[in-house]
Amino acid sequence: MLPPRGNPPDPRPPVNWQTTTVISTLYDRAVQSRTLAPIGARALWNYDISNLRRAIAAQDPNALTLDIPCGGGLAVDDNPHHVAADISHPMLTRARRRTSTLLQTDIYALPFAPATFEACVTYNGLHCLADPPAALRELARVLRPGGTLTGTTITTGTNRDPLIKLLQRLRIFGNPGTTTDLRTWLTSAGLTDIALTPSGAVTGFTARK
């Protein structure tokens, strides 16, 4: 697959989210705040965070769902049908306030059999990864036929590209792509019925296996 136009993959790994506490804590406190989150999302990414909250509210509580990276648990509640997973121990420690169904794991090598979940959700995480297409392929692998993948990610191709490049240099971001790249990644993962909803530099997406 061709690399995202104008944004060649950085061979260095992003920040070690597995053990980084300060960045994880600051991010989670901001995104969980009803006051700070809308202001920060609009100022940084020109994003209407109500789109994210609507997507979370629309999740089926009865569907066996994998949420990765779950972060501090913004999209979870204490639901036995909902598995909250993240590579970051600090994030999982914070998520434990909201749910007990937690798993520390790598999104590139999920410890689940194929076709395990009825739904997968991945909010605000793909842009932190060195290889987003590989992560999407792994999520598609554990989805059941007919299952849905829902998520949000920061995408390139807007006037927020200088900020994205700065965060890449700081190794906080990995290799985000354009909305066109995102559609290609989802299609290459074997997913269909793809819908993209850009808002500023953040793109929401849904797809079906």
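Read in full-length UniProt numbering, the sequence shown has 174 at position 174, and its numbers run on one by one without any break. We put the CB at the ideal spot given by N, CA and C, even for glycine.
Under the three-state reduction of DSSP output, THR148 falls in the strand class. The three-state reading of DSSP puts GLY40 in helix, counting H, G and I together.
DSSP assignment within the UniProt domain "Methyltransferase type 11" (66 to 149) yields the following whole alpha helix (DSSP H) runs of 4 residues or more, N-terminal first: 89 to 95, 132 to 142. For LEU52, same chain residues with a beta-carbon under 7 Å away, outside a window of 5 residues either side, are TYR123, THR152 in chain order. Contact between THR93 and PRO80 is ruled out by a C-beta separation of about 20 Å, above the 8 Å threshold. Residue burial annotation: THR203 is buried, with at least 16 other C-beta atoms found within 10 angstroms of its C-beta. Per DSSP, reduced to three states, the secondary structure at SER188 is helical. The Cβ neighbour count for THR187, taken over all protein chains shown within 10 Å, is under 16; the residue is labelled exposed. In the DSSP assignment, ARG208 falls within the beta strand (DSSP E) that extends over 202 to 208. Per DSSP, the beta bridge partners of ALA195 are THR206.
The Cβ atoms of ILE56 and ALA37 lie no closer than 7 Å to each other.
Check the Cα spacing between TYR108 and each of LEU170, CYS120, LEU129: the tightest is with LEU129. Between ARG98 and VAL76, the C-beta spacing is below 7 Å. Looking at the DSSP output, THR153 bridges to THR203. Straight across, the Cα-Cα distance linking ALA140 with ARG160 is about 29 Å. Take ILE164, set aside five residues on each side of it, and the residues of its chain with a beta-carbon closer than 7 Å to its own are ILE154, THR156, PHE173, PRO176, in chain order.
For ALA95, the CB contacts under 8 Å within the same chain, skipping 5 residues up- and downstream, are CYS70, GLY71, GLY72, GLY73, VAL76, ALA84, ASP86, LEU102 in chain order. Straight across, the Cα-Cα distance linking GLY40 with ASP28 is about 12 Å. If you draw a straight line from the Cα of THR35 to the Cα of ALA119, it is about 30 Å long. Per DSSP, reduced to three states, the secondary structure at PRO61 is coil, with no helix or strand assignment.
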